[in-house]
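Remarks on the structure that follows.
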Amino acid sequence: MSLTIPWPTRRDRKHRAVDEVGRLRQDMAAVMNRQAAADDFFAILMHDVVTTNAAWEQEKQLRGEAEEAAAQMQMERDEWRDEALRLRAQFGPQLAAEANANRVTVPPMVRDTSAVEDQATGPIDVTTLWAARDAGRLGPVTDPGQTTT
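Per this note's numbering, the very first residue in the sequence shown carries number 2; after that it's consecutive.
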């Protein structure tokens with residue numbers, strides 16, 4: 002049995018060097034493509050940061066304006082409340098005196114009910130639906146204003 006060891010010739014070494022340079026160029030192109038993609042992604046992220054910060058600043062400004070408006074409304078509300086309390090304190094006794102002077106002191110059974118708004122209502126018939134049916138008081142509704150007794 003014989004063992005042969007391949008010995009690279011000068012030509013083989015030259016081809017190997019060319020192949021190595023080609024592989025290094027491909028690796029460099031891949032690295033440059035990755036770098037360009039990373040730069041693009043970073044630019045997108047920076048744009049998002051700028052947009053988000055601008056929206057945040059606008060929100061802070063609008064919130065400040067809303068808080069100022071709410072404080073102004075609370076001050077106006079307090080002024081109106083104080084005015085209402087002052088008027089109630091000033092005119093409360095007068096309103097109470099008028100109400101006491103114009104009160105109804107006649108018992109309901111003696112009161113004149115000739116006016117339409119003072120008419121007494123009739124007794125309300127409270128029966129079950131079954132009892133009303135058996136009494137013949139239920140039927141088709143042809144006139145919703147009509148009642149049968």
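Glycine is no exception: its CB is placed at the ideal position from the N, C-alpha and C atoms.
- In its chain, beyond the 5 residues on either side, LEU139 have a beta carbon closer than 8 Å to the beta carbon of LEU130.
- In the DSSP annotation of this structure, the continuous segment of the alpha helix (DSSP H) that includes ALA133 starts and ends at 130-135.
- Secondary structure at ASN103: coil, using DSSP grouped into helix, strand and coil.
- Under the three-state reduction of DSSP, PRO108 is assigned to coil, being neither helix nor strand.
- In the three-state reduction of the DSSP assignment, ALA37 falls in the helix class.
- Counting only the Cα atoms, ARG104 lies some 25 Å from LEU86.
- Secondary structure at ASP126: coil, using DSSP grouped into helix, strand and coil.
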